[in-house]
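Residue numbers (the working numbering), protein chains in the order written: chain A, 1 to 393; chain B, 1001 to 1511.
Cβ coordinates follow ideal geometry from the N, Cα and C atoms, glycine included.
Predicted model, so just to flag it, every value in this text is computed and none were measured.
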Amino acid sequence: MTHMVELKNTLKKNTMFFALIVVMVLFQVMIVASDKGSLFNPANISNIISQNAYVVILASGMLLCILTGGNIDLSVGSIVCLVGAVAGTLIVNMNVNIYIAMFLSLLVGLAIGAWHGFWIAYVRIPPFIVTLAGMLLWRGVAMIILNGLTISPFPADYLKYFTSFLPGEADSTVIYAVTLSVAFAACALYVVLQILDRIKKIRKGYEAEPLIMMIVRLVLICGAVLLVFWFLAQHKGIPVVLILITIIVLIYSYFTTKTVPGRHLYALGGNEKAAKLSGVNTNRVLFFAYANMGFLSAVAALVGIARFNSAFPAAGTNYELDAIGACFIGGASAYGGTGTVGGAIVGAIFMGVLNNGMSILGIDANWQKAVKGIVLLAAVVFDILSKKRAKSR
Amino acid sequence: MAKTLLEMRNITKTFPGVVALDSVNLDITEGEIHALVGENGAGKSTLMNVLSGIYPFGDYTGDILFDGSVCKFNTIRDSEHKGIVIIHQELALVPYLTIGENMFLGNERGSYFNVNWNETHSKADSLLKMVGLTEPSRTLIKDIGVGKQQLVEIAKALAKNVKLLILDEPTASLNEADSRKLLDLLLDFKKKGMTSIIISHKINEVSYVSDRITIIRDGAVIKTLDKNKDTFTDDDIISGMVGRSLVDRFPKRKPSIGDKTFEVKNWTVYHPQYEGRKVCDNVSMNLRKGEVVGISGLMGAGRTELAMSLFGKSYGVDITGEVYVNGNSVNLNSVQDAINNKIAYVTEDRKGNGLILSTPIAENTTMAKMEKVSKHNIIDKDLEIKVANEYKEKLKTKCTSVLQNTGNLSGGNQQKVLLSKWMFADPDILILDEPTRGIDVGAKYEIYCIINQLVAEGKTVLFISSELPEILGMCDRVYVMNEGKMVAELDIKDATQEVIMSCILQSGKRS
């Protein structure tokens, strides 16, 4: 009985994840039916990952902003463009050492985020206004730096950190073997950590989840990881950017679920007055969320210039909307206080698959936009309705 | 024999898994004041929601006969059309609109595209006079107090040609004087032929105002008492509500009082918005170990403001004065300072200022002292769940699990979570601001027991309450506050309701 309830809750919590699988299958059927290849083509899987890396990075940061009370950061796209321009100027035009250039670029992003955070947290200007101003301001500054021109190409030394594959130039059997061994190693590590955690829980007399649930969870997650890596193994191997976003996602989900400042984000968004009266420094939490968003925008910018091998005036256009959309599709509340990094990532992949599937089908770009709009609305409506029903029950 | 205005026959309403109302019968005679009493979750509000159309026809079984005809309400509008108006516990007024605009909201004067503001405000003014309000109807709602807002709600109901007025806990957020005023107003309306239903927890009010009392427990009517046939005794009503007789409403305690733990000298606080207005004026007081000290006073006396300004200057500006904890002078400039000095403030507004309703019980429990469940800022979630469970057992919080969201709990259980949160913070001095507001008799008793347990452990409790019987039943010493000043300090042996009220009234005359 309790197992059934738990199973139901798990299903309910992960509705968007199952919706994602349904959408993938749907596209696959349509693509195969119209004889246009396959969504699950190894090269295409690899492509989806590098295409959407920036959304995953930005959504991780945007989620923190949304958690603080449904606040969004509109300036993200412009910061991406500006930091790209700075990095381009330093690396290409001025031949600065790559590491120093990357460091300075991240610093610029952090400084811009801190600027927003200052006005939002300490002067209490609404985030919408501050970041709208930032959106105009930083795009303008970027144009000034670029002088309206495109900076390219970037040196191979730089590109290799973001666009190459592991294990690099090698025989296809070597690639296959290395990729799969990494996958198995990751899965083994995950399983071992989970088992250790369970043993610790039981030994200390804490409540542990039912064994069967744990096994199902482990099998599903490891299965998904192995499947993705199996595809990657048949192409060029592991994209470096996948490692980068995995690290970012792990850090941010750990931060939001396991740390005190992470908990404070939820508290602030859930009820600011209560958080304050519990001794939470709400201003500092709010400041941190926006400063961090600036930093992650800079990371996304470094990934972006490598992917396009150029810094250009239109870079980053509408990136903020992709990130916001990913968070909301992933179940974050527009009022703040609820949402998970995992959800935002599912949302990001959802949007990515949608883009990719429609492109393969050869759907006109204008139509693609319209469809995305409807899907965003439908996803959130679906999520809210299913939660409503769960509540009245 | 007076005619029956409303008859509800065999009303049954089920939520999945729960029978909220089990073939309830209720009849209301024209021109009476009928009280519905019962513990939280007994089904009073559900019954009224069925009546007012919030749960549409077909969602329940049974019949509603109003004014001689069978009614099938689908929305609140349908029931209001018939003259049934419900005033909810949480006031539904828009703070930045005027009184007049609020009163005719959804019921605007003039035409759809051309609202007649002159008619609106003149009608509003005359209705306001009927409820005894002298404020002009162009005043913004945010500028008047809660007591007056409650009266505006009633005036709003009058504007709808109300035949049956339903008040859900109308006095929950009012002090004794304002409550009495409201109840007298109801009696006044009764003379003019209005019928009303009042839902309340406060037994003295119910027996004061009502002609008949219907007691509901676990979704069923237990009995109906009639003023003409039965006498309303507290014991009858309480035993009907809780299904057992409460021998004593306040648990006994042997006071063992020690040294001074907390002292305030010359504490003055200014209002954050109105310049130059003193909210606390030269207040001095002291608390001792193992003691329950009450602060009594009318709404607006400055009790909450005093407590919050002491608690890390969470309220007010230009605060001056000295605070001593265990004889040492301390500066409490932030909530963190206060917590570090082992002071806790349990707010009167648990939903607004106390709990984070969107997060689980466990997370609320540890909020004020995360250090105890974390190392280097990393939370030990298993430990967190364990301690939350300990407090759940200790305070007998009713919930399916400590991972349940706090928003899904009843008021009494939410209050227990709020208390757990501050008990978890290991305070020596607990400031409890209206800790029993809006919770039922059984839960109140449990909260009193928790307070006794706390002082038995050597803690100090500062107990702020608007209910005089509670202050008299629980405290060792009482401070009386009025208009920001401490006007009296009474030993509990000398304190009675009359003495406290006269302290307040005389201090009012002096100034």
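With DSSP as the reference, label residue 1204 of chain B as helix, strand or coil.
Looking up residue 1204 of chain B in the second sequence gives position 204. In this structure, residue 1204 of chain B counts as helix in the three-state DSSP scheme.
Using 8 angstroms as the threshold, is the C-beta distance between residue 1314 of chain B and residue 1335 of chain B below it?
The sequence position of residue 1314 of chain B within the second sequence is 314, counting from 1. The sequence position of residue 1335 of chain B within the second sequence is 335, counting from 1. Against a cut-off of 8 angstroms, the Cβ pair of residue 1335 of chain B and residue 1314 of chain B comes out as a contact.
Taking 8 angstroms as the CB-CB limit, is residue 1075 of chain B close to chain A?
Start at 1 with the first residue of the second sequence, and residue 1075 of chain B comes out as number 75. Chain A contact via Cβ: absent.
Nearest-angstrom Cβ-Cβ length linking residue 1269 of chain B and residue 1319 of chain B, presumed shorter than 8 angstroms:
Translated into the one-based positions of the second sequence, residue 1269 of chain B becomes position 269. Translated into the one-based positions of the second sequence, residue 1319 of chain B becomes position 319. Sure, about 5 angstroms apart at Cβ, within 8 angstroms.
Quick check on residue 1 of chain A: buried or exposed, where buried means 16 or more other Cβ atoms within 10 Å of its Cβ?
Walking along the first sequence from the start, residue 1 of chain A turns up at place 1. Low per-residue confidence applies at residue 1 of chain A: pLDDT is 46, beneath 50, and the placement is therefore not dependable, though the value from the model is reported in the following sentence. Its Cβ having fewer than 16 others within 10 Å, residue 1 of chain A is exposed.
Could you check what DSSP says for residue 1433 of chain B in three-state terms: helix, strand or coil?
Within the second sequence, numbered from 1, the residue matching residue 1433 of chain B stands at position 433. Here residue 1433 of chain B sits in strand by DSSP.
Residue 393 of chain A classed as buried or exposed, judged by whether at least 16 other C-beta atoms fall within 10 angstroms:
Along the first sequence, read from residue 1 onward, the residue named residue 393 of chain A stands at position 393. At residue 393 of chain A the pLDDT is 39, less than 50, meaning the model places this residue with poor confidence and gives no usable figure here.
I need the DSSP call for residue 1374 of chain B, collapsed to helix, strand or coil.
By 1-based counting over the second sequence, the position of residue 1374 of chain B is 374. In this structure, residue 1374 of chain B counts as strand in the three-state DSSP scheme.
Taking just the CA atoms, how far does residue 61 of chain A sit from residue 1208 of chain B?
Locating residue 1208 of chain B in the second sequence gives position 208, counting from the first residue. Locating residue 61 of chain A in the first sequence gives position 61, counting from the first residue. Cα to Cα, residue 1208 of chain B sits roughly 59 angstroms from residue 61 of chain A.
Just confirm the distance between the C-beta atoms of residue 19 of chain A and residue 323 of chain A, as a whole number of angstroms; I'd bet it's less than 8 angstroms.
Taking the first sequence and counting its residues from 1, the one referred to as residue 19 of chain A is at position 19. Taking the first sequence and counting its residues from 1, the one referred to as residue 323 of chain A is at position 323. With 8 angstroms as the limit, residue 19 of chain A and residue 323 of chain A do not qualify as a contact, their Cβ atoms being about 19 angstroms apart.
Report the rounded CA-to-CA distance for residue 1159 of chain B versus residue 1124 of chain B, giving the unit in angstroms.
Here residue 1159 of chain B refers to the residue found at position 159 of the second sequence. Here residue 1124 of chain B refers to the residue found at position 124 of the second sequence. Distance between the alpha carbons of residue 1159 of chain B and residue 1124 of chain B: 8 angstroms.
Taking all protein chains shown into account, decide if residue 124 of chain A is buried (16 or more other Cβ within 10 angstroms of its Cβ) or exposed.
For this step, residue 124 of chain A is matched to residue 124 along the first sequence. Exposed: under 16 other Cβ atoms inside 10 Å.
Taking a contact to mean a Cβ-Cβ separation below 8 angstroms, would you say residue 297 of chain A touches residue 109 of chain A in this structure?
Counting from one through the first sequence, the residue named residue 297 of chain A turns up at place 297. Counting from one through the first sequence, the residue named residue 109 of chain A turns up at place 109. Yes. Within cutoff.
If we define contact as Cβ-Cβ less than 8 angstroms, is residue 1 of chain A a contact residue for chain B?
Sequence index remark: in the first sequence, residue 1 of chain A carries index 1 (1-based). Residue placement at residue 1 of chain A is flagged as unreliable, the pLDDT there being 46, under the threshold of 50; a coordinate-derived value is accordingly withheld.
For residue 340 of chain A, the nearest candidate out of A:258, A:305, A:300, A:307 (CA to CA)
Against the first sequence, residue 340 of chain A aligns to sequence position 340. Ranking the options by Cα distance to residue 340 of chain A, first place goes to A:258.
If the criterion is Cβ atoms closer than 8 angstroms, does the pair residue 1085 of chain B and residue 1166 of chain B meet it?
Stepping through the second sequence from its first residue, residue 1085 of chain B is reached at position 85. Stepping through the second sequence from its first residue, residue 1166 of chain B is reached at position 166. Yes, Cβ-Cβ distance for residue 1085 of chain B and residue 1166 of chain B is below 8 angstroms.
Shortest alpha-carbon distance to residue 1501 of chain B belongs to which of B:1126, B:1467, B:1323?
Reading the second sequence from its first residue, position 501 is the one you call residue 1501 of chain B. Residue B:1467 is the option with its Cα nearest to residue 1501 of chain B.
Residue 1419 of chain B: which of B:1383, B:1347, B:1471 sits nearest, CA to CA?
Numbered from its first residue, the second sequence carries residue 1419 of chain B at position 419. Comparing Cα positions, the closest option is B:1347.
Does chain A have any CB closer than 8 angstroms to the CB of residue 1355 of chain B?
Looking up residue 1355 of chain B in the second sequence gives position 355. So, interface residue.
Using the Cα positions of residue 1189 of chain B and residue 1471 of chain B, report the straight-line distance between them to the nearest angstrom.
Sequence index remark: in the second sequence, residue 1189 of chain B carries index 189 (1-based). Sequence index remark: in the second sequence, residue 1471 of chain B carries index 471 (1-based). Looking at the two C-alpha atoms, the distance is approximately 32 angstroms.
Return the chain-ordered list of same chain residues with a C-beta closer than 6 angstroms to the C-beta of residue 1219 of chain B, the five sequence neighbours on each side being excluded.
Numbered from 1 along the second sequence, position 219 holds the residue referred to as residue 1219 of chain B. 1019, 1020, 1021, 1022, 1043, listed in sequence order.
Should residue 381 of chain A be labelled buried (16 or more other beta-carbon atoms within 10 Å of its own) or exposed?
If you number the first sequence from 1, residue 381 of chain A lands on position 381. By the neighbour-count rule (16 or more Cβ atoms within 10 Å), residue 381 of chain A is not buried but exposed.
So which of B:1231, B:1222, B:1373, B:1236 has the shortest CA-CA distance to residue 263 of chain A?
Along the first sequence, one-based indexing puts residue 263 of chain A at 263. The residue among B:1231, B:1222, B:1373, B:1236 with its C-alpha nearest the C-alpha of residue 263 of chain A is B:1373.
Would residue 1182 of chain B be called buried (16 or more neighbouring beta carbons within 10 Å of its own) or exposed?
The residue labelled residue 1182 of chain B in the question sits at position 182 within the second sequence. Buried, because 16 or more other Cβ atoms sit within 10 Å of the Cβ of residue 1182 of chain B.
Which residues in chain B sit within 7 angstroms of residue 423 of chain A, going by Cβ to Cβ distance?
There is no way to answer for residue 423 of chain A, as the model of chain A reaches only from 1 to 393.
Looking at residue 39 of chain A and residue 28 of chain A, is the spacing between their C-beta atoms short of 8 angstroms?
Sequence index remark: in the first sequence, residue 28 of chain A carries index 28 (1-based). Sequence index remark: in the first sequence, residue 39 of chain A carries index 39 (1-based). Yes. Within cutoff.
Cα-Cα separation between residue 1062 of chain B and residue 1101 of chain B, rounded to whole angstroms
Here residue 1062 of chain B refers to the residue found at position 62 when the second sequence is read from its first residue. Here residue 1101 of chain B refers to the residue found at position 101 when the second sequence is read from its first residue. Their backbone Cα atoms lie some 37 angstroms apart in a straight line.
Mapping DSSP to helix, strand and coil, what is residue 313 of chain A?
Reading the first sequence from its first residue, position 313 is the one you call residue 313 of chain A. Coil.
Work out the CA separation of residue 198 of chain A and residue 210 of chain A for me, nearest whole Å.
The residue labelled residue 210 of chain A in the question sits at position 210 within the first sequence. The residue labelled residue 198 of chain A in the question sits at position 198 within the first sequence. Using only the alpha carbons, I get a separation of about 10 angstroms.
Within 8 angstroms (strictly less), CB to CB, does residue 1511 of chain B reach chain A?
Counted from its first residue, the second sequence places residue 1511 of chain B at position 511. Per-residue confidence for residue 1511 of chain B stands at a pLDDT of 47, beneath the threshold of 50, marking its modelled position as unreliable; the derived number appears in the next sentence. No, because no Cβ of chain A sits closer than 8 angstroms to the Cβ of residue 1511 of chain B.
Count the other CB atoms within 10 Å of the CB of residue 1058 of chain B; is the residue buried (16 or more) or exposed (fewer)?
Against the second sequence, residue 1058 of chain B aligns to sequence position 58. Per the 10 Å Cβ criterion, exposed.
Please classify residue 251 of chain A: is it buried, with 16 or more other beta-carbons within 10 angstroms of its beta-carbon, or exposed?
Mapped onto the first sequence, residue 251 of chain A falls at position 251. By the neighbour-count rule (16 or more Cβ atoms within 10 Å), residue 251 of chain A is not buried but exposed.
CA nearest to the CA of residue 1178 of chain B, picked from B:1051, B:1297, B:1381:
Position 178 of the second sequence holds residue 1178 of chain B. The shortest C-alpha separation from residue 1178 of chain B is found at B:1297.
Residue 85 of chain A burial status per 10 Å Cβ neighbour count (16 or more: buried):
For the purposes of this step, residue 85 of chain A is taken as residue 85 along the first sequence, with counting starting at 1. Burial check for residue 85 of chain A: the Cβ neighbour count within 10 Å reaches 16 or more, so the residue is buried.
Would you call the stretch 236-244 of chain A and the stretch 150-167 of chain A touching, i.e. three or more CB-CB distances under 8 angstroms?
yes
Measure from the alpha carbon of residue 182 of chain A to the alpha carbon of each residue in A:242, A:139, A:134, then state which is nearest.
To locate residue 182 of chain A, count along the first sequence from 1; it is residue 182. The candidate whose alpha carbon is nearest that of residue 182 of chain A is A:242.
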